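Below is one structure, written out as structure tokens; comments come after it.
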Amino acid sequence: MAMRAGKALRVMIACLLLIVPALFAGAQADDGAAGDWLPLARLCHASTALPMSARDHDLPGGFFCGGSPEGYQQGSLWLLGGVRAVSGGGRAPVLMVHSSRFDRLLVGFRYADGVIAWQDVHSGNFAGHWRLGGQIGFQAPLRDARLTGVIMRFDRLASAEVLRIRLVRSEVSDLQTIALASLIGAALMLLVIGAVYNFMLGLAVRRTFPLLQGLWSATMALWGAIWSQLHLFVAPGMAGTLSSQVGTILACAMLMLTALSLISAIEPGETPRWLRRLGLGLALVIGALGVPLGLMRSGAIELVANIEGVLVMAMVVVIIASLGVAWRRGSAAARAFAGAWLVPLLVMSLSGFFDLGDVLWGGGPQMLVLLSAAWQTVWLSLAATRRFTLLRQERDQAVAAEAIAQEQARRDPLTGLSNRRGFIERIGPLLTANTGGGVDDDGNTVALMLLDIDRFKSINDSYGHDAGDDVLIAVARRLQRWDSPVQVIGRLGGEEFAILAAGMGRFAAHSFAESVRQALAACDHGLGGVSVTVSIGMVMASPGDTFATLYRAADTALYAAKHQGRNRVVMAHSTAIEHEVSLPPAKIEHG
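In our numbering, the protein residues as written are -15 to 575.
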């Protein structure tokens, strides 16, 4: 419980670290609204038909300073800010207008001497007026006369409700642009890195979630580049309406991918099926509705936007419910990713219920969304890496355990030597190398030696099986000293051991077998001075020999050693054993 509480506390602190500065910036914007932010309610308005070019700068007959503007989508919307609106902007303020869907924006700065200085931009050509953060900047000309007001005319504006307008001093505008550029660049870089990383991770582990998360990050990065107007460096013709339309479609696609990514991340059994289907359905509807919403220029665009907003809030509720249910059911994914999803969900909720205005130097809720997306990408990438690292560690542990089990299956548990199976596998390459082409240039080949402890049954009968085990361990410990890549040692069963030695001629192999016999006889076997000896039967390999043929020949030689009095080495001269070793009519028993 303490660990869970600690994780929850860290999530809350992380959210506060991201959200509180933004809200503080918003509070500062509200405090300075008298000279900075110009909400639509503080501007007078008028709606007219599109003027003829000859009367381009003729002002309408009157302005309404209350209510909401209407009937402007096929004509022109005029907005007028008086002395109070421009009082905080200094002598030469900059009018910042958040880019939206319109054909043309005409801005006039009115001075006390009656002069109106006009500037304009067209959809598809913002010239030098566009600013990072999705804004258009208009610098008021510096004149001796006092600035008394500002006039704006939007031709074929899609919706006045989405307008965000503010007046700032020119030096402040430059600093804000630099700050926005830094934030936007950092966020987009994180999103691009996150997209590449998640795509590579998804391909490596063959999981749907990293691929969807990579697609989400790529979509968010593309949306961020278009919203911030970075793309105008390479595609200036997209300025205005086209960028706004593409941005809306991408934003809805991003919302759809948000739900799809979360649904794919949580294990199927951790959330109710109906809740998963509801989340999937809402996501698909939001993504599909984004296409007409993005293409609309007039009509019920605000109604469609409100419907989309309701669907988004419903999806947020479903996502939070899914996370909560999965968390309670012990979902590792929900607990790992909750901190990542909580931040953007909070941002979407705040922007849906509260007017965030000009937070973050005019970036507004879009800038908050971009920052929260970068946060989410980093968190999810780290969390996914941690999860897949744990999975890889579990896999490596399973592979290691399997390797240990395989090794144990090839080891004699009492002595630690290779058992019959392990011995045969180990000698395979040596036999192939030495019997495939016969002897080497020096006449060397491989020798198989079978060792059997003499009178081992009587040791068990006289001293007990524990003493017999001690003898086997002592013999194995001494034989282990000769184990090497060219001398393989194994216990084939009971009191029988085997040595396969490569690179020896007949004389050297026989001498080696004798030294083994003598060394084993000199060992302390733990029987109080009772001598324990071994008999050895051996054979030199010939071209075409296998372990089976070598074993039969060495086993026959071992029987001969037992018959001849034990504690000796008998060599079969070839694997044609029927002619090499003379045996008595009765079969000789080991022992």
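The beta-carbon is built from N, C-alpha and C at its ideal position, and this holds for glycine as well.
These figures come from a predicted structure and were not determined experimentally.
Decide if residue i is buried, meaning its Cβ has at least 16 other Cβ atoms within 10 Å, or exposed.
{"i": "F138", "result": "buried"}
{"i": "M555", "result": "buried"}
{"i": "A33", "result": "exposed"}
{"i": "P194", "result": "buried"}
{"i": "L344", "result": "buried"}
{"i": "Q197", "result": "buried"}
{"i": "A9", "result": "Per-residue confidence for A9 stands at a pLDDT of 43, beneath the threshold of 50, marking its modelled position as unreliable; the derived number appears in the next sentence. Per the 10 Å Cβ criterion, buried."}
{"i": "S448", "result": "Sequence inspection shows Gly at residue 448; the Ser mentioned does not correspond to that position. Exposed, since its Cβ has fewer than 16 Cβ neighbours within 10 Å."}
{"i": "R405", "result": "exposed"}
{"i": "E254", "result": "buried"}
{"i": "H41", "result": "exposed"}
{"i": "P328", "result": "buried"}
{"i": "T416", "result": "exposed"}
{"i": "P349", "result": "buried"}
{"i": "I388", "result": "exposed"}
{"i": "Q360", "result": "buried"}
{"i": "D425", "result": "Unreliable positioning characterises D425 in this predicted model, as indicated by a pLDDT of 47, which lies under 50. The coordinate reading is nonetheless provided below. Exposed: under 16 other Cβ atoms inside 10 Å."}
{"i": "S446", "result": "exposed"}
{"i": "A493", "result": "buried"}
{"i": "T530", "result": "exposed"}
{"i": "V514", "result": "exposed"}
Given a cut-off of 9 Å on the beta-carbon distance, is the pair residue i and residue j in contact?
{"i": "D508", "j": "A451", "result": "no"}
{"i": "L89", "j": "V105", "result": "yes"}
{"i": "V430", "j": "M488", "result": "yes"}
{"i": "G83", "j": "G118", "result": "A small correction: the amino acid at residue 83 is Ser; Gly does not occupy that position in the sequence shown. Taking 9 Å as the Cβ cut-off, S83 and G118 qualify as a contacting pair."}
{"i": "A368", "j": "S282", "result": "no"}
{"i": "L504", "j": "V518", "result": "yes"}
{"i": "R140", "j": "D97", "result": "no"}
{"i": "P252", "j": "V309", "result": "no"}
{"i": "A111", "j": "R127", "result": "no"}
{"i": "V516", "j": "A538", "result": "no"}
{"i": "L151", "j": "G66", "result": "no"}
{"i": "P77", "j": "A129", "result": "no"}
{"i": "D438", "j": "L542", "result": "no"}
{"i": "L576", "j": "W114", "result": "What is shown of the chain runs -15 to 575, which leaves residue 576 out entirely."}
{"i": "G208", "j": "A179", "result": "no"}
{"i": "I135", "j": "R94", "result": "yes"}
{"i": "L174", "j": "V362", "result": "yes"}
{"i": "A525", "j": "L432", "result": "yes"}
{"i": "V146", "j": "I120", "result": "no"}
Where does the unbroken alpha helix (DSSP H) through residue i begin, and where does it stop?
{"i": "H494", "result": "R490 to A505"}
{"i": "F372", "result": "G348 to A393"}
{"i": "Q577", "result": "Absent from the structure is residue 577, since the part of the chain shown begins at -15 and ends at 575."}
{"i": "W207", "result": "T192 to W211"}
{"i": "A460", "result": "H449 to Q464"}
Who are the near neighbours of residue i in its chain, counting only those whose CB is closer than 8 Å to its CB and skipping five residues on each side?
{"i": "L116", "result": "T161, L164, A165, I168, S212, Q213 and L214"}
{"i": "S31", "result": "P53, E54, G55, Y56, G59, S60, L61 and W62"}
{"i": "I578", "result": "The structure shown does not extend to residue 578, since the chain spans only -15 to 575, so no value can be given for it."}
{"i": "V230", "result": "I210, M222 and G278"}
{"i": "R371", "result": "A316, A317 and A320"}
{"i": "L456", "result": "L398, T399, I437, R475 and E479"}
{"i": "L295", "result": "L266, V269, I270 and L273"}
{"i": "S154", "result": "G74, A76, P77, V78 and Q123"}
Closer than 6 Å by C-beta to residue i: which residues in its own chain qualify, once you throw out the five before and the five after it? Chain order, please.
{"i": "G474", "result": "L401, S402, F407 and A482"}
{"i": "D454", "result": "G510"}
{"i": "V176", "result": "A205"}
{"i": "D396", "result": "N403 and R475"}
{"i": "R313", "result": "E254"}
{"i": "R577", "result": "With the chain covering -15 to 575 only, the question about residue 577 has no answer from this structure."}
So the beta strand (DSSP E) residue i belongs to, where does it begin and stop?
{"i": "C28", "result": "C28 to T32"}
{"i": "L151", "result": "I149 to R153"}
{"i": "D436", "result": "T429 to I437"}
{"i": "S60", "result": "S60 to G65"}
{"i": "V81", "result": "P77 to H82"}
{"i": "R578", "result": "Any property of residue 578 remains undetermined from this structure, which presents the chain solely from -15 to 575."}
Measuring only between beta-carbons, confirm whether residue i sits less than 9 Å from chain D.
{"i": "A556", "result": "As a matter of chain content, chain D is missing from the structure shown, which is built from one protein chain."}
Residues in the same chain with beta-carbon distance under 7 Å from residue i, minus the five sequence neighbours each way, listed in chain order, please.
{"i": "E409", "result": "R394"}
{"i": "V302", "result": "L259, L262, G263 and L266"}
{"i": "A486", "result": "L414, N418, V430 and V470"}
{"i": "F183", "result": "L195 and G198"}
{"i": "V331", "result": "L352, V353 and S356"}
{"i": "M238", "result": "W200, T203, M204 and W207"}
Checklist entry - What runs of the alpha helix (DSSP H), each 4 residues or longer, lie entirely inside the region 521 to 563? => result 531 to 547
Item to check | Ranges of the alpha helix (DSSP H) found wholly within the region 276 to 312, counting only runs of at least 4 | outcome: 285 to 312
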